[in-house]
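In what follows, a single structure is set out as structure tokens and then discussed.
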Amino acid sequence: EHEACMQRLHQLDLQPPTPAPRPPPWPSTSYIAQPSETLFQAPPMARGDVDQLVDNSHEAIGDCTRLLVAGQYAEAETALLETAKSCVTRETQAEVLLLHTLLKIRCAQYEVALQCLEESGALVKGTTREPRFFCLRAEVLERRRRFPEAMAEIETGLRLDPCHRGLLLAKGVVLEQTKQVEQAELIYKQILSLHPEDPVASLRVGRCRLSLGDLPGAQKWLTKATENEYAFSTLHAPKSDLGSGLAYLALVSAAEHRYDTAAAQLEKARKWQANLDTVLAAAPECLGCGRVQDLVRDLTAICDLDLDVEQARQITLIFARSRHLEHQLPADMRSPPTTW
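Each number in the numbering used here corresponds to the 1-based position in the sequence shown with 5 added.
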């Protein structure tokens, strides 16, 4: 049995595909460590080593999870590669592959994420991880704007677990992306009926309220979601989501002409939203060179922030005002909208 397992490990090949000629405009992939070897390349071992290696892999998987939650993606990549060497059971192989998939989704490396899922399919089939598999597939498809296919994966997963939190959240996101905001809000509130303290569901309700032009409602829900930063400490609620919620709050404050508050909220968002921080770090140069539209494009391309063009323009305005650079903006970008 052990030899068969080892043969399976050597067969797995998760080398990233050749990069596209034009990389995504947002820079997260620039600070992600790229593996130089296949994910599973376990060395030969004696049968007496197996039990100890299984124990080590469970502990190491926990360490990988904590790095992912904290948004330390380069470190998580390295840790996953190292952890793969000690995986000798289908259970731990599947877990590492699913974590690697999630990492690649958060780095916008969707082809590699799909490759991970292809490898993990046989390992999760018929297990409690299967709904999570469909959830990750749906997330990749949604990110690639293949919404009907994403919804099909969600419905397949929900037939296995009708109350699966991740699948319900993914369904709400697809509905939002297809402009069915009110239906999405109902899904998020369904999650809250099952998990009343879920910060991400509250955040998404606030985002829906913002999209529908209900600024007081958005303020209420987004404040509830972000008031306890320690609630964002799991794979289901990573720190980057806290940063996203604070960025949405900044949009509400700007729409209500509370510019100083908006600027403070945006700065706090950068602490938790690494991708937003990276884009805004380059913002003064973009503004100084007249590349405002490039900055707006880069903001809309941040995969874990989901800003539309108008919202990205307003984030640009908030940042420019906080640095006294609004004179470098086009005239039509110097005032926030009163409605969304």
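Heads up, the beta-carbon is just placed ideally off N, CA and C, and yes, glycines get one too.
Quick check on the DSSP output: the alpha helix (DSSP H) that includes residue i runs from which residue to which?
| i | result |
| --- | --- |
| Asp282 | Ala279 to Ala286 |
| Arg134 | That residue, Arg134, is in no alpha helix (DSSP H); it is neither H nor E in DSSP. |
| Asp246 | Lys244 to Ala260 |
| Tyr162 | Before going further, note that residue 162 is Gly rather than Tyr in the sequence given. Per DSSP, Gly162 belongs to the alpha helix (DSSP H) from Phe152 to Leu165. |
| Gln298 | Val297 to Thr305 |
| Val93 | First-last for Val93: undefined, no H or E at that position. |
| Glu315 | Val314 to Ser327 |
Which partner residues does residue i have in the DSSP bridge list?
| i | result |
| --- | --- |
| Ala65 | Beta-bridge pairing links Ala65 to no other residue. |
| Thr239 | Ala242 |
Closer than 6 Å by C-beta to residue i: which residues in its own chain qualify, once you throw out the five before and the five after it? Chain order, please.
| i | result |
| --- | --- |
| Val179 | Glu147, Phe152, Ala155 and Met156 |
| His332 | none |
| Lys176 | Ile159 and Ile192 |
| Ala255 | Ala267, Gln270, Leu271 and Ile323 |
| Leu339 | The residue you asked about is not Leu; residue 339 is Arg in the sequence shown. Correct list, in chain order: Glu331. |
| Ala143 | Ala155, Glu158, Ile159 and Ala175 |
| Met50 | Interpretation of Met50 is limited by its pLDDT of 40, a score under 50 that renders its predicted location unreliable; the figure taken from the coordinates is listed afterwards. Answer for Met50: no residue qualifies. |
| Leu58 | Note that Leu58 scores 47 on pLDDT, short of 50, meaning its location in the model is unreliable and no value can be drawn from it. |
| Tyr264 | Arg326 |
| Leu227 | Gly211, Gly250, Tyr253 and Leu254 |
| Gly222 | Arg214 |
CB-CB under 7 Å to residue i, same chain, minus the five flanking residues each way: which ones, in chain order?
| i | result |
| --- | --- |
| Pro24 | Reliability fails at Pro24, whose pLDDT of 35 lies under 50, so the model's placement of it is uncertain and no value is given. |
| Leu72 | Glu80, Ala81 and Ala84 |
| Val314 | Val301 and Thr305 |
| Thr88 | Ser62, Ala65, Ile66, Cys69 and Val101 |
| Tyr36 | Unreliable positioning characterises Tyr36 in this predicted model, as indicated by a pLDDT of 31, which lies under 50. The coordinate reading is nonetheless provided below. Hits under 7 Å: Ala79. |
| Ala75 | Lys244 |
Going by beta carbon distance, what residues of the same chain come within less than 8 Å of residue i, once the five residues before and after it are set aside?
| i | result |
| --- | --- |
| Thr183 | Phe152 |
| Leu197 | Asp203, Ala206, Ser207 and Val210 |
| Leu141 | Leu103, Thr106, Leu107, Ile110, Ala118 and Leu122 |
| Thr231 | Pro204, Leu208, Leu247, Gly250, Leu251 and Leu254 |
| Val149 | Before going further, note that residue 149 is Arg rather than Val in the sequence given. These residues qualify, in order along the chain: Tyr115. |
Using a threshold of 6 Å, is the CB atom of residue i nearer than that to any non-hydrogen atom of the ligand MG?
| i | result |
| --- | --- |
| Ala279 | You won't find the ligand MG in this model; it holds no ligand whatsoever. |
>> Pairs of beta-carbons, one from the stretch 260 to 267 and one from the stretch 289 to 298, closer than 8 Å: are there three or more?
In response: no
> Curious, which full-length alpha helix (DSSP H) runs of at least 4 residues does the stretch 101 to 129 contain?
Replying inline: 115 to 129
> Mind pulling the alpha helix (DSSP H) runs of 4 or more residues that sit fully within the stretch 173 to 226?
Replying inline: 186 to 199 and 204 to 216
> Touch check for the stretch 198 to 213 and the stretch 242 to 249: three-plus C-beta pairs under 8 Å?
Replying inline: yes
> Is the stretch 160 to 177 touching the stretch 133 to 146, taking contact as three or more C-beta pairs under 8 Å?
Replying inline: yes
>> Below 8 Å, how does it come out for the stretch 60 to 76 and the stretch 88 to 99: are there three or more Cβ pairs, yes or no?
In response: yes
> Okay, do the stretch 100 to 110 and the stretch 277 to 284 touch, 3+ Cβ pairs below 8 Å being the bar?
Replying inline: no
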